[in-house]
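What follows is a single structure, written as structure tokens, with notes after it.
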Amino acid sequence: MKIGIHMKMDSARLVANPALCDGHGICVLRSPDLLTLDAWGFVGVESTEPLSGRDLRRARSAAAACPERALSLVDVQVAAGNGRRAGGDSWQ
Amino acid sequence: MTTSALSLVMAPDPPHLGPYTGVGTLGAAGTRVLAGPLGRRETLAEHYERLGALSLPYTDNAREAVLGVVGASGLVGRGGAEFPMVTKLTAALRTTGVPIMVVNGSESEPASGKDALLLRYRPHLVLDGASLAAATVGAQQIVVYLHEDTGATYASVIAAVRERAHLPGMPGIVVTTSASGFVGGESSAVVSALSGGVAVPRRRSTPAAVSGIHGRPTVVSNVETLAHLGLIGRFGAGWFREAGSPAAPGSTLLTLAGGVAHPGLVVEVSAPVSIGTVLVDHGGLTQQPPAVLIGGYGGRWISGDAAWHAPVDRAAMRHAGVSLGCGLVAPLPPESCGLEVTVRLLDYLASQSAGQCGSCLFGLPRLAVDLRAIAESRATRGDVKRAHELAQSISGRGGCAHPDGAVALLASALEVFSADVRRHIRGLPCGGGLAGWFPVPAAPASASA
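Residue numbers (my numbering), protein chains in the order written: chain A, -2 to 89; chain B, 110 to 558.
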């Protein structure tokens, strides 16, 4: 049984947890076309589309660079089942 | 089933305002969740005499049958998200683990009173709905979650729970309170609080119905939703759909605020009754207001003209880009400045950020400051444009929908009150002040993560 394997995905979504972001900004240097900073330096993901190829490599690099682990790559199939925005399934 | 406004009663006193005066009923024919005695708690004996006992499902077949009825009824959550009830129940039933049923009575919108009203006057109908939901998913425990400052509501629920203690086959009921602010009623915040954490929204990759309190399947439902469920369990899906529209079946509770004759009045309404009809019949209005705030403090202003003819129909409103949310309907009084009122609400929303996400923590106070500058005639046309752009840049960047609600409120204010904005930019008086009932709790009760 393999433990702690590094999932190799061909296609994934880049997802930010804004509650973890502390505004280091390294991710945006790694991946300026996928991520933006707001007026106070906190991250936002530009697109919720599945990424592949070069975009996916850059996203992986950005996620790996985050000291707060605020960025993650989510398998598209998994993400499809939980397509709603961060914050939960609903407001009640 | 009549399609006119069904019934109304005064909301119980909100904690920050003191007791209401006067309790009234109108149009009682066809009343649903508000049927029965008003102004006091309906006892279990009265409740069963009026509606009969509710049979609960304890076999797999019976549970599937209830899911079928709930699905056919089209019942959606009345806390604001309009999430289909059957989807939550099905997810909790199909997931491994013993589910927990949560009655979300936190009602964090300061001007909303419908849930407190149901818990005070109709606790058994709400607990019926909760018991039906619990039995359907196999939950053995019901948790009633309230804000800690709701003394009379708490007392009513406790009295009702005591009366039910000896009912056979009922799930156990626990009543719990939490000190929490505006965002504390969001379902992930409720789950966090009930898991021993802080009552702030938590980012989840799986819905609470699959993995909630301590990882157990957790159905979190709004009080009004469960009251409707308690009736659906008795009278069925077809009966439920006799009121409302095919896309938004059933009746809905509205709380009237702002410039109305009796702020805090709760009205039970169903489509095709229009907002204008509600405001004339129950709000004491004789003419169209300048604008109406719909859905809550994180809702939207819409022009008085548009609101006047809009049916109280969640589906039609959603189609028009407006959410009926918690059911707040607050017309702006003619003598009030919509921008000043919005500044007040934005200040409050900013104070209620959980402080978890930078865009919300820093962004919402900035939005309030920017709008205040506009309202106080200190802004230029460029400032207005920049405020709007800043707001849009914050939208979608929070871990929950709190900043998005504030942004939508601001954006709708700049649009609906554009004539006022132009006057303020030119330094002209708008002739309005801060009027109408738009309560904000005195002490910011924001919990920090």
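Ideal Cβ positions, reconstructed from N, Cα and C, are used throughout, including at glycine. Source: prediction; values computed, not measured.
Looking at the structure shown, is residue i part of a helix, part of a strand, or coil, going by DSSP?
i: Leu275(B); result: Residue 275(B) is actually His in this sequence, not Leu. Correct three-state label for His275(B): coil.
i: Ala138(B); result: Residue placement at Ala138(B) is flagged as unreliable, the pLDDT there being 35, under the threshold of 50; the coordinate-derived value follows with that caveat. Looking at Ala138(B) - three-state DSSP - the assignment turns out to be coil, as it is neither helix nor strand.
i: Tyr157(B); result: helix
i: Trp546(B); result: strand
i: Val207(B); result: coil
i: Trp348(B); result: helix
i: Asn79(A); result: Residue placement at Asn79(A) cannot be trusted, given a pLDDT of 42 that sits under 50; what the coordinates show is reported in the next sentence. Three-state result, Asn79(A): coil.
i: Val319(B); result: coil
i: Pro538(B); result: coil
i: Pro193(B); result: strand
i: Val438(B); result: strand
i: Gly133(B); result: Residue confidence for Gly133(B) is low, a pLDDT of 32 falling below 50, so the modelled location carries little weight; the figure read from the coordinates is stated next. Coil at Gly133(B), not helix or strand.
i: Pro443(B); result: coil
i: Ala551(B); result: coil
i: Ser432(B); result: coil
i: Val185(B); result: strand
i: Pro355(B); result: coil
i: Ser502(B); result: helix
i: Gly514(B); result: helix
i: Gly491(B); result: helix
i: Gly148(B); result: coil
i: Gly293(B); result: helix
i: Gly367(B); result: strand
i: Ser301(B); result: helix
i: Gly221(B); result: Checking the sequence shown, residue 221(B) turns out to be Ser, not Gly. Coil at Ser221(B), not helix or strand.
i: Val307(B); result: coil
i: Ser164(B); result: coil
i: Ala60(A); result: helix
i: Ser486(B); result: coil
i: Gly238(B); result: helix
i: His563(B); result: The structure shown does not extend to residue 563(B), since chain B spans only 110 to 558, so no value can be given for it.
i: Gly472(B); result: helix
i: Cys18(A); result: coil
For residue i and residue j, which I take to be in contact (beta-carbon distance under 8 Å), what is that distance rounded to the nearest angstrom?
i: Gly189(B); j: Ser432(B); result: 7 Å
i: Tyr230(B); j: Glu151(B); result: 6 Å
i: Arg10(A); j: Leu34(A); result: Not really, about 20 Å apart at Cβ, beyond 8 Å.
i: Arg423(B); j: Ala357(B); result: 4 Å
i: Ala488(B); j: Leu519(B); result: Contact flag wrong, Cβ pair sits at about 13 Å.
i: Pro310(B); j: Val292(B); result: 6 Å
i: Thr361(B); j: Gly436(B); result: 6 Å
i: His323(B); j: Ser297(B); result: With a Cβ gap of about 14 Å, His323(B) and Ser297(B) do not count as contacting.
Per DSSP, which residues does residue i bridge with? Please list them.
i: Asn331(B); result: Asn213(B)
i: Val256(B); result: Just to set this straight, residue 256(B) is His in the shown sequence, not Val. For His256(B), which the question treats as bridged, DSSP gives the partners Ser287(B).
i: Val90(A); result: What is shown of chain A runs -2 to 89, which leaves residue 90(A) out entirely.
i: Arg409(B); result: Ile403(B)
i: Gln396(B); result: BP columns for Gln396(B) are empty, so no partner.
i: Leu34(A); result: Val40(A)
i: Leu48(A); result: Ala9(A)
i: Pro420(B); result: Ser383(B)
i: Ile565(B); result: Only positions 110 to 558 of chain B appear in this structure, which leaves residue 565(B) out of reach.
One question on the structure: do residue i and residue j come within less than 8 Å of each other, judged by their Cβ atoms?
i: Ala62(A); j: Val40(A); result: no
i: Pro372(B); j: Ala380(B); result: no
i: Leu473(B); j: Ala515(B); result: yes
i: Phe547(B); j: Ala220(B); result: yes
i: Ala318(B); j: Gly238(B); result: no
i: Ala559(B); j: Ala244(B); result: No statement about residue 559(B) is possible, as the shown extent of chain B runs from 110 to 558 and does not include it.
i: Arg273(B); j: Leu153(B); result: yes
i: Leu227(B); j: Thr199(B); result: no
i: Met194(B); j: Gly206(B); result: no
i: Val266(B); j: Pro232(B); result: yes
i: Lys223(B); j: Val421(B); result: no
i: Val270(B); j: Pro208(B); result: no
i: Ser8(A); j: Val71(A); result: no
i: Ala522(B); j: Thr451(B); result: yes
i: Thr285(B); j: Val235(B); result: no
i: Arg343(B); j: Gly161(B); result: yes
i: Leu165(B); j: Ser287(B); result: no
i: Leu340(B); j: Ala242(B); result: no
Does the distance between the C-beta of residue i and the nearest non-hydrogen atom of the ligand ZN fall short of 7 Å?
i: Ile267(B); result: The ligand content of the structure shown is nil, which means the ligand ZN is not present either.
Would residue i pass as an interface residue toward chain E - the criterion being a Cβ-Cβ separation below 8 Å?
i: Gly20(A); result: The question asks about chain E, but that chain is absent: this structure's protein chains are A and B.
contact_flag[the segment 444 to 458 of chain B, the segment 401 to 417 of chain B] where n(CB pairs < 8 Å) is 3 or more: yes
Validate contact between the segment 454 to 461 of chain B and the segment 424 to 440 of chain B using beta carbons, cut 8 Å, 3 pairs: no
Touching by the beta-carbon criterion (3+ pairs, under 8 Å), the segment 339 to 355 of chain B and the segment 315 to 331 of chain B: no
Segment contact flag, the segment 506 to 519 of chain B with the segment 411 to 418 of chain B, C-beta cutoff 8 Å, min 3 pairs: no
Validate contact between the segment 197 to 217 of chain B and the segment 251 to 269 of chain B using beta carbons, cut 8 Å, 3 pairs: yes
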